[in-house]
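K.L.:
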Amino acid sequence: MKRYNLLNEILFKKGIISKNVYQNNKMWTYNFEYNKLSIIPPSVIPYITKSINNKKSSILTSLNFDLQNFINYTIEKSPYPISIVILQDGKIIGINSKYGIDYPLTFHSNIGSTLKPFLYTFYRENGVSKEETFNCITTINNQKWNVKEAELPSKSVLNIQEALLTSNNNAFINAANKIGMNNVLKFIASLLNKEESNIHPSSILGATSDGISLFELTKLYADFFLNNDDPFKNECKQLLCQIAKIKLGIDINNLFLKTGTTNGNKERFAILGNEKIVLGIMRQENSINDYSKDGSFINSIKNIARNIFSPKKCTHGCNQ
Numbered sequence: 021m022k023r024y025n026l027l028n029e030i031l032f033k034k035g036i037i038s039k040n041v042y043q044n045n046k047m048w049t050y051n052f053e054y055n056k057l058s059i060i061p062p063s064v065i066p067y068i069t070k071s072i073n074n075k076k077s078s079i080l081t082s083l084n085f086d087l088q089n090f091i092n093y094t095i096e097k098s099p100y101p102i103s104i105v106i107l108q109d110g111k112i113i114g115i116n117s118k119y120g121i122d123y124p125l126t127f128h129s130n131i132g133s134t135l136k137p138f139l140y141t142f143y144r145e146n147g148v149s150k151e152e153t154f155n156c157i158t159t160i161n162n163q164k165w166n167v168k169e170a171e172l173p174s175k176s177v178l179n180i181q182e183a184l185l186t187s188n189n190n191a192f193i194n195a196a197n198k199i200g201m202n203n204v205l206k207f208i209a210s211l212l213n214k215e216e217s218n219i220h221p222s223s224i225l226g227a228t229s230d231g232i233s234l235f236e237l238t239k240l241y242a243d244f245f246l247n248n249d250d251p252f253k254n255e256c257k258q259l260l261c262q263i264a265k266i267k268l269g270i271d272i273n274n275l276f277l278k279t280g281t282t283n284g285n286k287e288r289f290a291i292l293g294n295e296k297i298v299l300g301i302m303r304q305e306n307s308i309n310d311y312s313k314d315g316s317f318i319n320s321i322k323n324i325a326r327n328i329f330s331p332k333k334c335t336h337g338c339n340q
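Counting in this note's numbering, the sequence shown runs from 21 upward without gaps.
1. Work out the CA separation of L135 and L320 for me, nearest whole Å.
2. Go ahead and pull the three-state DSSP assignment for I219.
3. Between the alpha carbons of G132 and A209, how many angstroms are there, rounded?
4. In whole angstroms, what is the alpha-carbon distance linking Y311 and N213?
5. Give every residue of the same chain whose Cβ lies closer than 6 Å to the Cβ of N130, excluding the five residues on either side of it in the sequence, and list them in chain order.
6. Tell me whether G114 sits in a helix, a strand or coil according to DSSP, three-state version.
7. Here's the rule: buried if 16 or more other CB atoms are within 10 angstroms of the residue's CB, otherwise exposed. What is L26?
8. State the start and end residues of the unbroken alpha helix (DSSP H) segment that holds K33.
9. Measure from the alpha carbon of S63 to the alpha carbon of each residue in P101, T81, K168 and G120, then state which is nearest.
10. Please classify N84 as buried or exposed, where buried requires at least 16 other C-beta atoms within 10 Å of its C-beta.
11. DSSP state of S129, grouped into three classes?
12. Just to confirm the assignment, what range does the beta strand (DSSP E) spanning I291 have?
13. Grouping DSSP H, G and I as helix and E and B as strand, with all else coil, what is I36?
14. Could you have a look at N323 and say whether DSSP puts it in helix, strand or coil?
15. If I'm right that I224 touches A196 with Cβ under 8 Å, what's the distance once you round it to whole angstroms?
16. Under a three-way DSSP split, which group does S176 fall into?
17. State yes or no: is the beta carbon of N188 nearer than 7 Å to at least one beta carbon in chain B?
18. Taking the alpha carbon of S316 as the reference point, which residue from N327, I297, F154 and A290 has its own alpha carbon closest?
19. Return yes when the Cβ of P124 is within less than 7 Å of the Cβ of S103, no when it is not.
20. Any contact of the segment 106–115 with the segment 292–304, i.e. 3+ C-beta pairs under 8 Å?
21. Would you check whether the ligand NAP has a heavy atom nearer than 6 Å to the C-beta of I266?
22. Terminal residues of the continuous alpha helix (DSSP H) containing L212?
23. Can you tell me whether DSSP reads V41 as helix, strand or coil?
24. Going by C-alpha distance, which of F276, V148, S174 and K164 is nearest I157?
25. Quick one: using the 10 Å Cβ neighbour count with 16 as the cut-off for buried, is Y143 buried or exposed?
26. Return the residue from the list Y67, Y24 and E295 that minimises the CA-CA distance to I112.
27. Going by DSSP, which residues form a beta bridge with K278?
28. With burial defined as no fewer than 16 other Cβ atoms inside 10 Å of the residue's Cβ, what is the status of L152: buried or exposed?
29. Flag this pair as yes or no: are the beta carbons of F192 and L139 separated by less than 7 Å?
30. Which residue or residues does DSSP assign as beta-bridge partners of N155?
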C-alpha cells in the first residue's frame, strides 16, 4: 500500500496523471481479506537461513516429522503453557511452544537447578571428592544470604553426589566457597558465554541478569554430555540417570533427567535425554494447588519420556 501510494504521488508530480486521477487513486483501498499469508516471525529467520542450499534453491530442515507432530499434539493438549526443543547431533529435530515456534529460541529466563550438573563436574575436576561433605542447611561465611531449599534435607551435611541427587542449594554454594567462588563464577560465565560482570554468587542457583533460552540450555546439555569420554561428565550423567528413575518411576536405559525451577516456580524446566538426543521442556504459569517442587509437571515429563525414549513405543530412532 505504501509503495502504491508513493508511485501514485510520483506519477502526479511528474504530470503523467491528472489531479483528478491522482485523488481517485488515493481513495483506492486493498481488500486484505483475501491475502491470508502465513507470517514467519523475524527471529526465526537466522535459524532457517543457515540451512539454505543456494545451489538447489531449496530449504533443508533437520526436523523429524513424527517427533514434530508429537510435540505439536503434546503442546496443544497441555493444560498449561509449555515449550519443547529436541536436539540430535547439535541440530533441532523438534521445536514448538504454546507461545509460538520462535519462543524457545527467543525467550530468556533463569534456569534454576538445571545448572547444577555442570557445577558438579567442575567441582569434581577441581578436587572435590565423592566422600567430602558440605553443610546443606546454611551457607558458610555468608550469614546474610538466606538460601532456601525446595525440600528440607534429612541431615545437616551432604556429599556432592547426594547434593546433586537432592538438588541441594546450600551444599553447592559451600562447595563453591571451598574451591574459590571467583573460579566458579568464571566457569559459569564461560559456560553460558556471558560477561563475568553479569555473573554473581546467585548464578550458582541458575540466576543471571539476562537469562538464556530453552534452546541454549538444551544445546548446553547436548554439547556437554553427549559423545565424550570425560570420566567426571560420565559420572555426573550416571547420577542424572538415577534421578530419572527416582522422579519418573520408569526404567528406561540410559535416560538422564535434571529438573529446575525459577523463583516462585514461575518457570519449570526439565532436561532429559539419552546417548542420542536431548530434550528440553519449559513450563510456565503456576496452577492452583501446584506449588511443590515439581508439581504435576512431573506427569508431563513422564508422558513425554515414555513416548519418545521408551524402546517399546519409540518410532523416531531415539533408542534401540
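A virtual CB, placed ideally from N, CA and C, is assigned to each residue, including glycine.
P.N.:
Quick look at the numbers:
1. Locating residue 320 in the sequence shown gives position 300, where the first residue counts as 1. Locating residue 135 in the sequence shown gives position 115, where the first residue counts as 1. A quick correction: the sequence has Ser, not Leu, at residue 320. S320 and L135: Cα-Cα distance of roughly 21 Å.
2. Position 199 of the sequence shown, counted from the first residue, corresponds to residue 219. Of the three classes helix, strand and coil, the one that applies to I219 here is coil, per DSSP.
3. On the sequence shown, position 112 is the one that residue 132 refers to. On the sequence shown, position 189 is the one that residue 209 refers to. Near 15 Å, if we compare the C-alpha coordinates of A209 and G132.
4. Here residue 311 refers to the residue found at position 291 of the sequence shown. Here residue 213 refers to the residue found at position 193 of the sequence shown. With a pLDDT of 49 at Y311, under the threshold of 50, the predicted position of this residue should be treated as unreliable, though the coordinate-derived value follows. The alpha-carbon atoms of Y311 and N213 are separated by roughly 32 Å.
5. The residue you call residue 130 lines up with position 110 of the sequence shown. Closer than 6 Å at Cβ, skipping near neighbours: G226, A227, G231 and T282.
6. Translated into positions along the sequence shown, residue 114 becomes position 94. Three-state DSSP puts G114 in a strand.
7. Counting from one through the sequence shown, the residue named residue 26 turns up at place 6. L26 is exposed by the Cβ-count criterion.
8. For this step, residue 33 is matched to residue 13 along the sequence shown. Segment K22 to K33, the alpha helix (DSSP H) holding K33.
9. Reading the sequence shown from its first residue, position 43 is the one you call residue 63. The shortest C-alpha separation from S63 is found at G120.
10. The sequence position of residue 84 within the sequence shown is 64, counting from 1. Buried is the call here.
11. If you number the sequence shown from 1, residue 129 lands on position 109. S129: strand per DSSP, three-state reduction.
12. If you number the sequence shown from 1, residue 291 lands on position 271. Following the DSSP letters along the chain, one finds I291 inside the beta strand (DSSP E) bounded by residues E287 to G293.
13. For this step, residue 36 is matched to residue 16 along the sequence shown. I36: coil per DSSP, three-state reduction.
14. Locating residue 323 in the sequence shown gives position 303, counting from the first residue. Three-state DSSP puts N323 in a helix.
15. Along the sequence shown, read from residue 1 onward, the residue named residue 224 stands at position 204. Along the sequence shown, read from residue 1 onward, the residue named residue 196 stands at position 176. Right, their Cβ atoms sit about 6 Å apart.
16. By 1-based counting over the sequence shown, the position of residue 176 is 156. In the structure shown, S176 sits in coil (DSSP, three-state: anything other than H, G, I, E or B).
17. No chain B is part of this structure, which consists of one protein chain only.
18. By 1-based counting over the sequence shown, the position of residue 316 is 296. Closest by alpha carbon: A290.
19. In the sequence shown, residue 103 corresponds to position 83, counting from 1. In the sequence shown, residue 124 corresponds to position 104, counting from 1. Yes, the Cβ-Cβ distance between S103 and P124 is below 7 Å.
20. yes
21. What this structure holds is no ligand at all, so the ligand NAP is not there to describe.
22. Numbered from its first residue, the sequence shown carries residue 212 at position 192. Unbroken alpha helix (DSSP H) run through L212: M201 to L212.
23. For the purposes of this step, residue 41 is taken as the residue at position 21 of the sequence shown. Three-state result, V41: helix.
24. By 1-based counting over the sequence shown, the position of residue 157 is 137. Checked all of F276, V148, S174 and K164; the closest Cα to I157 is S174.
25. Here residue 143 refers to the residue found at position 123 when the sequence shown is read from its first residue. Burial state of Y143 is buried, judged by a 10 Å Cβ sphere holding 16 or more other Cβ atoms.
26. Here residue 112 is taken as the residue at index 92 of the sequence shown, counted from 1. Comparing Cα-Cα distances from I112 to each of Y67, Y24 and E295, the minimum goes to Y67.
27. Counting from one through the sequence shown, the residue named residue 278 turns up at place 258. DSSP, once it has assigned bridges, lists I291 as partnering K278.
28. The count along the sequence shown starts at 1 and reaches residue 152 at position 132. Inspection of the sequence shows that residue 152 is occupied by Glu rather than by Leu. Exposed.
29. In the sequence shown, residue 192 corresponds to position 172, counting from 1. In the sequence shown, residue 139 corresponds to position 119, counting from 1. Going by C-beta atoms, F192 is nearer than 7 Å to L139.
30. The sequence position of residue 155 within the sequence shown is 135, counting from 1. Paired residues: V177.
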